[in-house]
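**Student:**
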Amino acid sequence: MKYLVVVGDGMADYPLEELNGRTPLEEASTPNMDYIARRGAAGMLRTVPEGMEAGSDIANLSILGYDPRRYYTGRGPLEAASRGIKLGDGEVAWRCNLITVEDERIADFTAGHVSSDEAGALIDALNEEFGSAGRFYPGVSYRNLFISALGNGLSSTPPHDVVGGRIEDHLLRPGHSEEAKELNRLILRSRELLEEHEINLRRVEQGKRPANMIWLWGQGKRPRLEPFFDKYGVTGAAISAVDLIKGIARLAGMQVVHVPGATGYYDTDYAAKAEYALRALEEVDYCYIHVEAPDEAGHEGSVEMKLRTIEDLDEKLIGRLFDGMGEEMAIAVLPDHPTPVRVKTHTSEPVPFAVLSPRITRDSVRSFSERECRHGSLGFLEGVEFNRLFLA
Ligand SMILES: [Zn+2]
Numbered sequence: 012m013k014y015l016v017v018v019g020d021g022m023a024d025y026p027l028e029e030l031n032g033r034t035p036l037e038e039a040s041t042p043n044m045d046y047i048a049r050r051g052a053a054g055m056l057r058t059v060p061e062g063m064e065a066g067s068d069i070a071n072l073s074i075l076g077y078d079p080r081r082y083y084t085g086r087g088p089l090e091a092a093s094r095g096i097k098l099g100d101g102e103v104a105w106r107c108n109l110i111t112v113e114d115e116r117i118a119d120f121t122a123g124h125v126s127s128d129e130a131g132a133l134i135d136a137l138n139e140e141f142g143s144a145g146r147f148y149p150g151v152s153y154r155n156l157f158i159s160a161l162g163n164g165l166s167s168t169p170p171h172d173v174v175g176g177r178i179e180d181h182l183l184r185p186g187h188s189e190e191a192k193e194l195n196r197l198i199l200r201s202r203e204l205l206e207e208h209e210i211n212l213r214r215v216e217q218g219k220r221p222a223n224m225i226w227l228w229g230q231g232k233r234p235r236l237e238p239f240f241d242k243y244g245v246t247g248a249a250i251s252a253v254d255l256i257k258g259i260a261r262l263a264g265m266q267v268v269h270v271p272g273a274t275g276y277y278d279t280d281y282a283a284k285a286e287y288a289l290r291a292l293e294e295v296d297y298c299y300i301h302v303e304a305p306d307e308a309g310h311e312g313s314v315e316m317k318l319r320t321i322e323d324l325d326e327k328l329i330g331r332l333f334d335g336m337g338e339e340m341a342i343a344v345l346p347d348h349p350t351p352v353r354v355k356t357h358t359s360e361p362v363p364f365a366v367l368s369p370r371i372t373r374d375s376v377r378s379f380s381e382r383e384c385r386h387g388s389l390g391f392l393e394g395v396e397f398n399r400l401f402l403a
């Protein structure tokens with residue numbers, strides 16, 4: 012058997028007035044998802060454990076079968092894994108944003124979307140000046156990493172949650188800890204270095220926001236995921252434009268398939284993802300395809316784009332998968348969590364899922380939606396039960 016899992020990030024939503032009380036999944040034309048639900052079986056999945064944040068990393072860990080309560084250590088180590096940075100036993104991976112500080116407040120957690128080239132030069136300067144505390148790694152734009160022996164147990168704050176907030180209110184805690192003191196000093200001193208850097212002087216001259224401070228958050232040690240093959244007895248591959256998802260796959264010992272044209276945005280090449288997934292299945296048994304675009308539409312609060320990304324995902328990706336699928340194949344579709352356009356952020360309600368597999372008995376669900384899948388024969392499951400059912 013071969014297995015395909017298609018995850019539309021943030022696809023689930025609430026009933027909307029402008030859609031006459033229907034959700035985007037109900038409103039959108041989705042013949043292929045509906046086919047999976049109608050010919051297969053459906054249910055609801057709790058992908059975000061009680062009390063945890065509705066992050067994509069947490070929800071996707073769940074779906075892949077790794078209980079986030081046990082395995083989630085932070086965003087930093089997942090991104091480090093995605094970039095092939097191997098963490099030693101004592102090492103802690105931090106997300107290191109380049110941010111813009113104005114009047115002692117966080118003005119922009121992206122530093123005006125500083126370019127990767129500019130960020131790379133600033134990261135070099137940080138390594139030269141502060142190399143004794145740890146090592147900075149350049150990433151994409153403002154999203155960089157810092158690997159250090161310090162600070163694993165400290166409490167840190169994602170900068171996107173406190174835009175406009177005062178720096179001193181959101182530094183690492185508890186403030187009396189020696190490690191917090193050292194790292195907070197590093198954060199504050201980075202400003203002296205970065206503000207005077209020629210790249211920032213030029214940015215200010217051009218009317219752009221300077222990347223004038225680092226912000227450390229999302230830290231953790233390397234999570235030790237049991238290899239996917241040992242867990243399920245099948246070989247796996249993953250396709251995603253998102254670092255976090257690629258990091259999880261790598262740590263689980265899955266192949267990470269690079270797809271040219273996968274952007275993580277509306278213009279992502281859906282058909283290419285399908286082609287590469289089908290090709291991956293010639294080598295491995297299980298392919299996990301993650302599509303970020305519906306989540307972006309949710310964050311932007313755009314009903315129109317939510318509908319379009321769902322329809323694109325259905326037609327260009329799942330439709331193409333159907334064209335290339337053989338007899339001995341199973342396919343599942345689900346979101347990782349809702350990103351309702353009304354709230355523009357992730358929520359933690361259970362999500363609908365549908366599976367079409369020669370081994371799973373068909374039920375009476377007729378279409379793929381939040382409402383319909385509640386009546387599915389597979390009932391309400393915990394996220395970590397999904398693969399056990401799908402791969403049984
Ligand atoms: Zn997500």
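Just remember that my numbering sits 11 ahead of the position in the sequence shown, which is counted from 1.
In this text, a Cβ means the ideal position worked out from N, Cα and C, and glycines have one as well.
(1) Given a cut-off of 8 Å, decide if Ala160 and Glu90 are closer than it, judged by their beta-carbon atoms.
(2) Alpha carbon to alpha carbon, how far is Ile158 from Trp228? Give it in angstroms, no decimals.
(3) So, do the stretch 61 to 80 and the stretch 206 to 221 have three or more beta carbon pairs nearer to each other than 8 Å?
(4) Determine, for Thr279, whether the minimum Cβ-Cβ distance to residues of chain B falls below 8 Å.
(5) Does DSSP put Ser166 in a helix, in a strand, or in coil?
(6) Does ligand 1 have a heavy atom nearer than 7 Å to the CB of Ser67?
(7) Check this for me: beta carbons of Arg57 and Pro361, under 8 Å apart or not?
(8) Using CA atoms only, rank isn't needed, just tell me which of Tyr148, Leu30, Ser188 and Lys317 is closest to Gly164.
(9) Which class does Glu140 belong to by DSSP, given the choice of helix, strand or coil?
(10) So the candidates are Asp100, Pro346 and Asp334; which of them puts its Cα closest to the Cα of Glu381?
(11) Is it the case that the CB of Asp24 approaches a heavy atom of ligand 1 more closely than 7 Å?
(12) Of all the alpha helix (DSSP H) runs that stay within the bounds of the stretch 94 to 147, which reach a length of 4 or more residues?
(13) Check whether the Cβ of Asp20 lies closer than 7 Å to any heavy atom of ligand 1, and answer yes or no.
(14) Return helix, strand or coil for Tyr243, following the three-state DSSP convention.
(15) Taking only heavy atoms of ligand 1 into account, decide whether any of them is closer than 7 Å to the Cβ of His357.
(16) Does ligand 1 have even one heavy atom less than 7 Å from the beta-carbon of Ala70?
(17) Excluding the five sequence neighbours on either side, which residues of its own chain have a C-beta within less than 7 Å of the C-beta of Glu38, listed in chain order?
(18) In whole angstroms, give me the CA-to-CA distance for Val366 and Ile256.
(19) Less than 8 Å between the CB atoms is what I'm expecting for Ala92 and Gln230, so what's the real figure, rounded?
(20) When the Cα atoms are used, what is the spatial distance from Asp24 to Pro349?
(21) What does the Cβ neighbour count give for Met404, buried or exposed, with the cut at 16 atoms within 10 Å?
**Tutor:** Once the coordinates are examined:
(1) Taking the sequence shown and counting its residues from 1, one reaches residue 90 at position 79. Taking the sequence shown and counting its residues from 1, one reaches residue 160 at position 149. No.
(2) On the sequence shown, position 217 is the one that residue 228 refers to. On the sequence shown, position 147 is the one that residue 158 refers to. About 12 Å.
(3) no
(4) The question asks about chain B, but that chain is absent: this structure has only one protein chain.
(5) Residue mapping note: residue 166 aligns to position 155 of the sequence shown, counting from 1. In this structure, Ser166 counts as strand in the three-state DSSP scheme.
(6) Position 56 of the sequence shown, counting from 1, holds the residue named residue 67. Result yes, Cβ under 7 Å from ligand 1.
(7) Here residue 57 is taken as the residue at index 46 of the sequence shown, counted from 1. Here residue 361 is taken as the residue at index 350 of the sequence shown, counted from 1. For Arg57 and Pro361, yes; Cβs fall inside 8 Å.
(8) Working through the sequence shown from its first residue, we reach residue 164 at position 153. The candidate whose alpha carbon is nearest that of Gly164 is Ser188.
(9) Reading the sequence shown from its first residue, position 129 is the one you call residue 140. Residue state, collapsed to three classes: helix.
(10) Indexing the sequence shown from 1 puts residue 381 at position 370. Comparing Cα positions, the closest option is Pro346.
(11) Mapped onto the sequence shown, residue 24 falls at position 13. Flag unset: Cβ of Asp24 not near ligand 1.
(12) 127 to 141
(13) Position 9 of the sequence shown, counting from 1, holds the residue named residue 20. It does: the Cβ of Asp20 is within 7 Å (strictly closer) of some heavy atom of ligand 1.
(14) Position 232 of the sequence shown, counting from 1, holds the residue named residue 243. Correct three-state label for Tyr243: helix.
(15) Residue numbering aside, residue 357 sits at position 346 when the sequence shown is read from its first letter. Within the cutoff, so yes.
(16) Counting from one through the sequence shown, the residue named residue 70 turns up at place 59. For ligand 1, at least one heavy atom lies less than 7 Å from the Cβ of Ala70.
(17) As a working mapping, residue 38 is identified with position 27 in the sequence shown. The residues are Leu30 and Leu318.
(18) Start at 1 with the first residue of the sequence shown, and residue 366 comes out as number 355. Start at 1 with the first residue of the sequence shown, and residue 256 comes out as number 245. If you take the alpha carbons of Val366 and Ile256, they lie about 21 Å apart.
(19) The sequence position of residue 92 within the sequence shown is 81, counting from 1. The sequence position of residue 230 within the sequence shown is 219, counting from 1. Contact flag wrong, Cβ pair sits at about 14 Å.
(20) Residue mapping note: residue 24 aligns to position 13 of the sequence shown, counting from 1. Residue mapping note: residue 349 aligns to position 338 of the sequence shown, counting from 1. So the alpha carbons of these two residues sit roughly 5 Å apart.
(21) The displayed coordinates of the chain run from 12 to 403. Any statement about residue 404 would go beyond what the structure contains.
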